[in-house]
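Heads up, the thing below is written out as structure tokens.
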Amino acid sequence: MAVDRGVRRYTGWYRLLLRLYPASFRQRFGEGMAQSFRDLCVERRRANRSLFGLALWIFCETLAGIAKENVMQMSRMGQTIFRVALGSLAALMVPLVASRMVPDWNWRPSGFVIVYLLFFATGMAYALIARRMGAWSYKVGVGVALLAGFALGWSNMVQVADSGHPENLAYYSVLVLGLIGACVARLRARGLALTLFAMAATLAVIAVMLPSGAPPYLARNMAIGHGIYVVLFAASGMLFRHASVARAQS
Amino acid sequence: MVMKDTARTPLSPAVLHILLALSTGGRHGYGIMKQVEADSEGKVKMGPGTLYGSMGRMMEAGLIRESGKRADPEMDDERRIYYELTGAGRAALEAELRRYRDVVAVAEGRLAHGR
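These protein sequence lines map, in sequence, to chains W and A.
Heads up: the first sequence is residues 49 to 298, going by our numbering.
Heads up: the second sequence is residues 50 to 164, going by our numbering.
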């Protein structure tokens with residue numbers, strides 16, 4: 049089908065207009081919408097009619113759709129933020145109640161605020177990342193990875209504060225590796241699988257190389273702890289791999 | 050987003066037209082627009098904004114799904130995404146048509162009594 053200059057020009061402008069849609073909608077339907085618009089223009093041209101009226105109508109109609117989708121997107125985001133905020137508050141009850149019951153648990157109010165913010169940030173990260181893919185394995189993989197990452201970061205923060213061993217900060221390199229890997233993979237399942245396997249391997253190497261300085265009875269518990277984190281990161285990697293394979297087969 | 054229970058609540062005109070257009074087989078976006086226009090004898094013209102906005106919500110509600118990307122032999126050789134009805138979509142269309150039949154039956158009964 050030969051496409052004349054006018055059709056190409058209007059289609060180019062239409063593609064620009066489509067950028068006003070929320071990113072998720074644009075990625076899903078943008079190409080199809082531009083194709084449909086171009087098909088309508090070609091049909092108009094074949095009937096030897098001007099494109100201006102058609103373009104004006106479709107631009108106005110699409111603008112109304114853009115407004116509607118953006119309002120719905122904001123409403124969905126508001127609901128997500130509200131739910132995560134409530135969930136974080138519920139999770140905060142655990143340390144709040146524990147601090148009343150466990151002796152020597154003396155957090156300052158700022159400590160609770162920081163913990164709440166960490167819960168909230170982790171919850172929002174889950175809500176925003178997990179919805180990128182419909183596959184259950186992707187959603188569970190995100191949950192396991194965030195949970196393990198949160199627990200690793202938290203336990204090392206406590207460990208460094210209690211023991212004063214700054215070498216424990218090396219464990220944060222696992223989390224930094226995860227962040228970089230997730231960015232490079234652009235949160236795609238295949239890239240995330242590789243990232244999580246790399247995190248599991250890095251953690252295993254750190255656990256073996258880093259002198260714990262702990263007495264033998266504690267060293268065994270630490271080895272079990274490290275093993276659990278390695279298994280969690282590897283399991284998350286397997287889930288992402290499953291999601292990637294399922295997507296490739298669909 | 051979850052759509053209303055499509056078996057109990059009436060469908061919007063756009064959703065009904067899209068379901069009808071897909072009832073005879075999978076179509077791409079432009080194909081759906083042309084089928085809607087043909088089904089309504091030119092009375093309903095759906096633009097891409099309305100079509101794809103409605104289809105997004107219908108996909109989330111499980112009424113339609115993508116059925117792959119392929120070229121249309123009647124168009125150019127560019128590959129297009131095709132959409133098709135799901136079982137839930139066909140059931141929603143049948144439920145809507147039953148509702149219409151019931152409304153028509155009531156209306157005809159009233160008109161017959163009024164004569």
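All C-beta atoms in this analysis are idealised placements derived from N, C-alpha and C, irrespective of residue type, glycine included.
- Bounds of the alpha helix (DSSP H) holding Y277/W are 264 to 297.
- Taking 8 Å as the CB threshold, M82/A lines the interface with chain W.
- For the C-beta of E86/A, not a single chain W residue is nearer than 9 Å; the gap to the nearest is close to 11 Å.
- Secondary structure of S221/W (DSSP, three-state): helix.
- Straight-line measurement puts the Cα of F198/W at about 17 Å from the Cα of L137/W.
- Against chain W, the beta carbon of I130/A has neighbours under 9 Å at F77, E79, G80, Q83, listed in chain order.
- Close to chain W, meaning a Cβ-Cβ distance shorter than 8 Å, are the following residues of the segment 98 to 122 of chain A: G98, T99, L100, Y101, G102, M104, G105.
- The beta carbon of T110/W sits closer than 8 Å to some beta carbon of chain A.
- Look at the beta carbons and you see the segment 130 to 148 of chain W not touching the segment 113 to 122 of chain A: under three pairs across the two are nearer than 8 Å.
- Here the alpha carbons of L160/A and L65/A stand approximately 26 Å from one another.
- Just so you know, the alpha carbons of R147/A and A141/A end up roughly 10 Å apart.
- Straight through space, the alpha carbons of T170/W and G189/W are spaced by roughly 14 Å.
- Between the beta-carbon of L225/W and that of A246/W there is about 6 Å, and that keeps the pair under the 8 Å contact cut.
- Listed in chain order, the positions of the segment 102 to 131 of chain W with a beta carbon within less than 8 Å of a beta carbon of chain A are W105, I106, E109, T110, L111, A112, G113, I114, K116, E117, M120, R124.
- Contact residues of the segment 125 to 150 of chain A toward chain W are D125, E127, R129, I130 (C-beta to C-beta distance below 8 Å).
- Between G80/W and I81/A, the CB-CB gap reaches or exceeds 8 Å.
- Here the segment 115 to 125 of chain W does not lie against the segment 87 to 96 of chain W, with fewer than 3 beta-carbon pairs under 8 Å apart.
- The beta carbons of I254/W and G96/A sit about 57 Å from each other, so the pair does not count as a contact at 8 Å.
- Excluding five sequence positions before and after Y164/W, the CB atoms of its chain that fall closer than 8 Å to its own CB belong to S136, L137, L140, given in chain order.
- Put simply, the segment 62 to 78 of chain A touches the segment 101 to 116 of chain A. At least three CB pairs are less than 8 Å apart.
- Three or more pairs of CB atoms, one per stretch, sit closer than 8 Å, so the segment 232 to 250 of chain W contacts the segment 285 to 293 of chain W.
- Residues of the same chain with a CB within less than 7 Å of the CB of Y58/W, apart from the 5 flanking positions on each side, are C89, L99, A103 in chain order.
- Counting every other CB atom within 10 Å of its CB across the protein chains shown gives A296/W a total below 16, marking it as exposed.
- Setting aside the 5 residues that flank it on each side, A137/A is surrounded in the same chain by T55, A110, G111, L112, each with a C-beta closer than 8 Å to its C-beta; the list follows chain order.
- Residues of the same chain with a CB within less than 8 Å of the CB of V55/W, apart from the 5 flanking positions on each side, are R86, C89, V90, R93, L99 in chain order.
- Listed by position along chain A, the residues whose Cβ is nearer than 9 Å to that of L240/W form an empty set, because the closest Cβ is around 23 Å away.
- Taken in chain order, the whole beta strand (DSSP E) runs of length 3 or more contained in the segment 54 to 135 of chain A are 113 to 120, 128 to 134.
- Look at D52/W here: in three-state DSSP terms it is coil, with no helix or strand label.
- Taking CB atoms only, D87/W has a neighbour in chain A less than 8 Å away.
- Classified as exposed, G60/W has fewer than 16 neighbouring CB atoms from the shown chains inside 10 Å of its CB.
- Within chain A, the C-beta atoms nearer than 7 Å to that of F73/W come from G105, in chain order.
- Rounded to the nearest whole angstrom, the CA to CA distance from T110/W to A178/W is 29 Å.
- Neighbours of G91/A across chain W, judged by C-beta separation under 9 Å, do not exist; the nearest C-beta is about 14 Å away.
- Between S84/W and Y132/A, the C-beta spacing is not below 8 Å.
- By the criterion of a C-beta distance shorter than 7 Å, S147/W is surrounded in its chain by W153, W155, once the five residues flanking it on both sides are discounted.
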